[in-house]
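Inspection log for the structure reproduced underneath, given as structure tokens.
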Amino acid sequence: MTPLTKIIALVGGLLTGLLCLTFLFAWWGTMARLGKALVIGGGLLAGLFCLLVLSTQVKDYEVAKTVEHDPNLPHFILGNVVLHGETFGSPENPTVIVVHGGPGLDYRSLLPLKALSDEFFVVFYDQRGTGLSPRVGDDQLNLESYLADLDSLVDRFSAGRKVNLVGHSWGGKLVSSYVGRHPEKVSHVVMAEPGPLNAGVMVHYKGKVEFSTTFKLHVAGSWLLSLFASGPDSDAAADWFQYQIMAGFKGEDHPLAGYFCKKKLPPIGHWRVGRRAWIAVRDSYTTPRNIPVNFVQGMERFQKEVLFITGACNVMLGPEFQREQMKYFPRARMVVIEGVGHQMFWESPAASIAPVREYLRWGRTNHIAQEAARQSRNQAERDQVQPARSKQESTDKTLK
């Protein structure tokens, strides 16, 4: 039963009870004792009906534990920050860090990218305060802390080597900002349908949609039912509510329907959505008029080609919009994946990952060549040191 169906049943019960009370107050003085008893009994039955509807559905709203309450979950410790995450592949291979969207989502829908682990060392992580990462205070949920976390991951998993970054949606914005600040640390960049990267492209964004009545009812019902959510922490109810807003409504009049083929959201799985992260991080990089900061600042210093991936079905953040965004990158090209929308790696993994692999292989080839050259230089230095040592030892023996 969907939240909309549940709220209709609940409202129906409440209206029945309200109707009974109306009769009670309107005719109490003129009603016979039997009529009064029937009115009171009807109200009590309506209230009992509502409670039964809710009590039978509470089990549906259990919210997943974070690393804080389940330390067996894979995670990274970065100083004072703990992030849910995992790695795939050999650390000897070039590193690829996958940055999920939101803000407030998790990397579950991007896990098909672990297919790259046969050639790369692939790192996934849930951003601070979202997914299965521990919940933190609002003062830690901002663009700067997210950039710091990404930099810590780069230093940990790609120390001394340039890193490859794959950013999806909001993750693309975060990656763009990071590359603008640290171009010297980055080898290759994949931008999978990033949101508006600055105020200049906001005019081209077609995400301004109206909220339908059925969607509003869904939101209202989800909020009421979220009061009964069970979970390990005080954010459980709000996180469940946020998930219902973003992925729980399946109608064609969903505000995000334009992101997907046939205006139908695919069955996307998320472990857990972070509502406070969704609000606080967004507030940290937008003005009161929802104008974003300049996520492409400093990007002119990154002269390597950037790969844009977009789904052909997305009429909001799709090919037309991304062509406007590409203008802010010194070198960029686009690959359009047919038959998919915003969640291209989830909807059609093989078709969407293939161009990413081909693009990153350039970097891997360069990495192998650079590593071979480094080893060759080290061997040459050792060869030069050894004769020098032998000559010195011979001189020492002569002096003795």
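So our numbering is basically just the index in the sequence shown, starting at one, shifted up by 113. Using N, Cα and C, we set each Cβ at its ideal position, and we do this for glycine too. Just so you know, these numbers come straight off a predicted model, no measurement behind them.
Rounded to whole angstroms, what's the CA-CA distance from residue 276 to residue 473? Just pull it up for me.
Locating residue 276 in the sequence shown gives position 163, where the first residue counts as 1. Locating residue 473 in the sequence shown gives position 360, where the first residue counts as 1. The alpha-carbon atoms of residue 276 and residue 473 are separated by roughly 11 Å.
Give the range of the alpha helix (DSSP H) segment to which residue 338 is assigned.
Counted from its first residue, the sequence shown places residue 338 at position 225. From DSSP, the alpha helix (DSSP H) with residue 338 extends over 326 to 339.
Just to confirm before moving on: does the CB-CB distance between residue 303 and residue 270 stay below 7 Å?
In the sequence shown, residue 303 corresponds to position 190, counting from 1. In the sequence shown, residue 270 corresponds to position 157, counting from 1. No.
Is the CB-CB distance between residue 244 and residue 412 below 7 Å?
On the sequence shown, position 131 is the one that residue 244 refers to. On the sequence shown, position 299 is the one that residue 412 refers to. Not closer than 7 Å, so no.
Report the CB separation of residue 222 from residue 381 in whole angstroms; it is logged as a contact under 8 Å.
Along the sequence shown, read from residue 1 onward, the residue named residue 222 stands at position 109. Along the sequence shown, read from residue 1 onward, the residue named residue 381 stands at position 268. At roughly 5 Å, the Cβ-Cβ gap stays under 8 Å, so residue 222 and residue 381 are in contact.
Whole-angstrom Cβ separation of residue 390 and residue 216, contact assumed at under 8 Å?
What you label residue 390 is simply residue 277 of the sequence shown in a count that begins at 1. What you label residue 216 is simply residue 103 of the sequence shown in a count that begins at 1. Confirmed, Cβ separation roughly 5 Å.
For residue 445, the first and last residue of its enclosing beta strand (DSSP E):
Residue 445 sits at position 332 when you count from the first residue of the sequence shown. That run of the beta strand (DSSP E) goes 445 to 450.
Measure from the alpha carbon of residue 279 to the alpha carbon of each residue in 177, 233, 399, then state which is nearest.
On the sequence shown, position 166 is the one that residue 279 refers to. Of 177, 233, 399, the residue nearest in Cα terms is 233.
Are the beta-carbon atoms belonging to residue 422 and residue 448 less than 7 Å from one another?
As a first step, residue 422 is located in the sequence shown; it is residue number 309 there, counting from the start. As a first step, residue 448 is located in the sequence shown; it is residue number 335 there, counting from the start. Yes, they are a contact pair.
Start-to-end residues for the beta strand (DSSP E) that takes in residue 304
In the sequence shown, residue 304 corresponds to position 191, counting from 1. Residue 304 -> beta strand (DSSP E) spans 299 to 305.
From what residue to what residue does the alpha helix (DSSP H) around residue 270 run?
Sequence index remark: in the sequence shown, residue 270 carries index 157 (1-based). Segment 256 to 270, the alpha helix (DSSP H) holding residue 270.
CA nearest to the CA of residue 309, picked from 399, 383, 386:
By 1-based counting over the sequence shown, the position of residue 309 is 196. When only C-alpha atoms are compared, the closest one is 399.
Quick test of your reading: residue 408 and residue 255, contact by CB under 8 Å. State the CB separation rounded to the nearest angstrom.
To locate residue 408, count along the sequence shown from 1; it is residue 295. To locate residue 255, count along the sequence shown from 1; it is residue 142. At roughly 14 Å, the Cβ-Cβ gap does not stay under 8 Å, so residue 408 and residue 255 are not in contact.
Based on the DSSP output, what are the partners of residue 420 in its beta bridges?
Reading the sequence shown from its first residue, position 307 is the one you call residue 420. The partner list for residue 420 (beta bridge, DSSP) reads 303, 446.
Could you check if residue 189 is buried or exposed, using at least 16 other CB atoms within 10 Å of its CB as the buried criterion?
Taking the sequence shown and counting its residues from 1, the one referred to as residue 189 is at position 76. Classification of residue 189: buried, given that the 10 Å Cβ count is 16 or more.
Helix, strand or coil: which one does DSSP assign to residue 175?
Counting from 1 along the sequence shown, the entry for residue 175 is found at position 62. Residue state, collapsed to three classes: strand.
Out of 366, 267, 179, which one is the CA nearest neighbour of residue 376?
Locating residue 376 in the sequence shown gives position 263, counting from the first residue. Checked all of 366, 267, 179; the closest Cα to residue 376 is 366.
Using DSSP's beta-bridge definition, name the partner residues of residue 208.
Taking the first residue of the sequence shown as position 1, residue 208 is located at position 95. Answer by DSSP bridge pairing, in chain order: 234.
Name the residue from 426, 185, 229, 445 whose alpha carbon lies nearest to the alpha carbon of residue 204.
Locating residue 204 in the sequence shown gives position 91, where the first residue counts as 1. Considering only alpha carbons, the answer is 229.
List the residues that DSSP assigns as beta-bridge partners of residue 471.
In the sequence shown, residue 471 corresponds to position 358, counting from 1. Residue 471 is not bridged to any residue.
May I ask you to report which of helix, strand or coil DSSP gives residue 288?
Position 175 of the sequence shown holds residue 288. In this structure, residue 288 counts as helix in the three-state DSSP scheme.
Can you check DSSP and say which residues form a bridge with residue 189?
Numbered from 1 along the sequence shown, position 76 holds the residue referred to as residue 189. 196.
Put residue 415 into one of helix, strand or coil per three-state DSSP.
The residue you call residue 415 lines up with position 302 of the sequence shown. Coil, per DSSP.
Quick one: grab the DSSP three-state call for residue 408.
By 1-based counting over the sequence shown, the position of residue 408 is 295. Note: residue 408 maps to coil in three-state DSSP.
DSSP state of residue 223, grouped into three classes?
In the sequence shown, counting from the first residue as 1, residue 223 sits at position 110. Residue state, collapsed to three classes: helix.
Given a threshold of 16 other Cβ atoms within 10 Å of its Cβ, counted over all protein chains shown, does residue 266 qualify as buried or as exposed?
Within the sequence shown, the letter at position 153 stands for residue 266. So residue 266 ends up on the buried side.
Considering only the beta carbon of each residue, do residue 345 and residue 182 sit closer than 7 Å?
Here the question's residue 345 lines up with position 232 in the sequence shown. Here the question's residue 182 lines up with position 69 in the sequence shown. Cβ distance < 7 Å, so residue 345 and residue 182 count as in contact.
Closest Cα partner of residue 524 within the set 354, 441, 427
Absent from the structure is residue 524, since the part of the chain shown begins at 114 and ends at 513.
C-alpha gap between residue 364 and residue 295, whole angstroms
For the purposes of this step, residue 364 is taken as the residue at position 251 of the sequence shown. For the purposes of this step, residue 295 is taken as the residue at position 182 of the sequence shown. Residue 364 and residue 295: Cα-Cα distance of roughly 42 Å.
In angstroms, rounded to a whole number, what distance separates the CA positions of residue 315 and residue 206?
Taking the first residue of the sequence shown as 1, we reach residue 315 at position 202. Taking the first residue of the sequence shown as 1, we reach residue 206 at position 93. So the two alpha carbons sit approximately 38 Å from each other.
Around the Cβ of residue 218, are there at least 16 other Cβ atoms within 10 angstroms (buried) or fewer (exposed)?
Within the sequence shown, the letter at position 105 stands for residue 218. So residue 218 ends up on the buried side.
If you compare alpha carbons, which of 333, 317, 212, 201 is closest to residue 428?
The sequence position of residue 428 within the sequence shown is 315, counting from 1. Nearest of 333, 317, 212, 201 to residue 428, Cα basis: 317.
So what's residue 397 in DSSP terms, helix, strand or just coil?
The residue you call residue 397 lines up with position 284 of the sequence shown. Three-state result, residue 397: helix.
Beta-carbon separation (whole angstroms), residue 460 vs residue 379, contact threshold 8 Å
In the sequence shown, the residue the question calls residue 460 occupies position 347. In the sequence shown, the residue the question calls residue 379 occupies position 266. Contact flag correct, Cβ pair sits at about 5 Å.
From residue 274 to residue 184, what does the alpha carbon distance come to, in whole angstroms?
If you number the sequence shown from 1, residue 274 lands on position 161. If you number the sequence shown from 1, residue 184 lands on position 71. Taking the straight line joining both Cα atoms gives about 30 Å.
Quick check on DSSP: helix, strand or coil for residue 461?
What you label residue 461 is simply residue 348 of the sequence shown in a count that begins at 1. Correct three-state label for residue 461: coil.
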